[in-house]
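*Asks:*
Residue numbers (the working numbering): 2 to 293.
(1) For residue 48 and residue 253, what's the separation of their Cα atoms in angstroms?
(2) For the alpha helix (DSSP H) containing residue 120, list its first residue and its last residue.
(3) Using the C-alpha atoms, what's the distance from residue 215 back to residue 190?
(4) When the Cα atoms are used, what is the spatial distance from residue 184 to residue 130?
(5) Quick one, which of 203, 27, 98, 147 has its alpha-carbon nearest residue 123's?
(6) Out of 267, 37, 96, state which residue places its alpha-carbon closest to the alpha-carbon of residue 249.
(7) I think residue 199 touches residue 134, with their Cβ atoms under 8 Å apart; what is that distance to the nearest whole Å?
(8) Measuring CA to CA, which of 219, 265, 98, 270 is closest to residue 40?
(9) Use the C-beta contact count for residue 104: other C-beta atoms within 10 angstroms, 16 or more gives buried, fewer gives exposed.
(10) Between the Cα of residue 271 and the Cα atoms of 116, 90, 108, 138, which residue gives the shortest distance?
(11) Could you give the DSSP three-state label for residue 213: helix, strand or coil?
(12) For residue 46, collect the residues of the same chain with a Cβ closer than 7 Å to its Cβ; drop the 5 residues on either side in sequence, then sort them by chain order.
(13) Just verifying my parser: in three-state terms, what is the DSSP assignment at residue 219?
(14) With distance defined between alpha-carbon atoms, name the residue in 28, 106, 132 nearest to residue 42.
(15) Buried or exposed: where does residue 210 fall if 16 or more other Cβ atoms within 10 Å of its Cβ makes it buried?
(16) Report, in whole angstroms, the separation of the C-beta atoms of residue 33 and residue 259, which I expect to be a contact under 8 Å.
(17) Distance, Cα to Cα, residue 287 vs residue 175?
(18) By the three-class DSSP mapping on this structure, what secondary structure does residue 185 have?
(19) Taking all protein chains shown into account, decide if residue 51 is buried (16 or more other Cβ within 10 angstroms of its Cβ) or exposed.
(20) Suppose you measure from the CA of residue 179 to the CA of residue 275; what does that come to, to the nearest Å?
(21) Which of the three DSSP states is assigned to residue 203 in this structure?
(22) Would you call residue 29 buried or exposed, if buried means 16 or more other Cβ atoms sit within 10 Å of its Cβ?
(23) Excluding the 5 residues preceding and the 5 following residue 140 in the sequence, name in chain order all residues of the same chain whose CB lies nearer than 7 Å to its CB.
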């Protein structure tokens with residue numbers, strides 16, 4: 002019994018030590034940098050594209066984002082929405098799509114690079130194949146985002162039809178509140194599972210990418226709630242940064258979310274190495290590389 006406890010404590014120490022290294026923060030910072038560059042062209046594309054979807058009120062449709070981003074960050078998005086409503090342009094949709102795809106694919110490539118380092122894999126894919134994968138993932142991300150927004154918006158109209166069948170208003174409201182919360186959550190889990198499955202140079206199975214995806218989604222939501230609470234209830238940010246405080250909030254939130262992504266794929270790599278070596282100590286014993 003004592004030996005098992007010592008082994009458990011030793012495993013926990015190894016686990017913590019492999020997370021407490023500068024590389025995790027470096028990878029998060031690199032991903033955050035590319036995400037920050039991509040966030041505005043991506044938002045401009047999504048908002049400009051939504052303006053062409055019939056029956057969508059852009060001002061109210063973006064409110065679901067408050068579930069996953071801080072209020073100050075939402076203010077920036079809301080200003081873009083108001084601008085898109087006033088100035089609808091198909092040329093803007095095409096141009097922003099190209100720019101958003103290119104910049105977002107750089108963020109994807111950063112995560113792919115970090116995963117290969119975490120697993121200890123060499124990048125076996127050529128330049129064209131790797132960049133094509135990152136671009137296709139970026140395009141898939143935007144299409145799924147538009148689909149999710151479409152379902153969230155038209156879900157209300159579907160709800161009116163169901164309301165005629167289900168007479169219990171409170172039950173119907175409960176069902177739609179649950180669906181409204183779980184659609185963004187399940188969407189995030191699916192996106193991160195795909196990224197953690199297809200990203201490494203050695204393709205993983207979906208079940209191998211799922212644990213990290215769930216943890217990343219959970220941390221993303223927790224970081225967003227905590228940072229939103231801090232930003233909304235403490236006036237220190239506005240006093241220190243003044244007019245650029247909203248941008249500082251957005252950049253800090255992106256960095257925290259990037260850290261959530263990094264933690265997610267690092268946990269996946271730990272599970273992978275443990276399964277391969279049957280124990281945590283054996284997984285990192287005499288390792289020729291530092292996975293984290």
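Ideal placement from N, C-alpha and C gives every residue a C-beta, glycine not left out. Remember, predicted model here, so these are calculated numbers, not experimental data.
*Replies:* Concretely, from the data shown:
(1) 23 Å
(2) 91-120
(3) 6 Å
(4) 32 Å
(5) 203
(6) 37
(7) 7 Å
(8) 98
(9) buried
(10) 116
(11) helix
(12) 94, 97, 98, 101, 143
(13) helix
(14) 106
(15) buried
(16) 4 Å
(17) A caution first: residue 287 carries a pLDDT of 43, below 50, which makes its placement in the model unreliable, though a value can still be read off. Answer to the nearest angstrom: the Cα atoms are 54 Å apart.
(18) helix
(19) buried
(20) 36 Å
(21) coil
(22) buried
(23) 102
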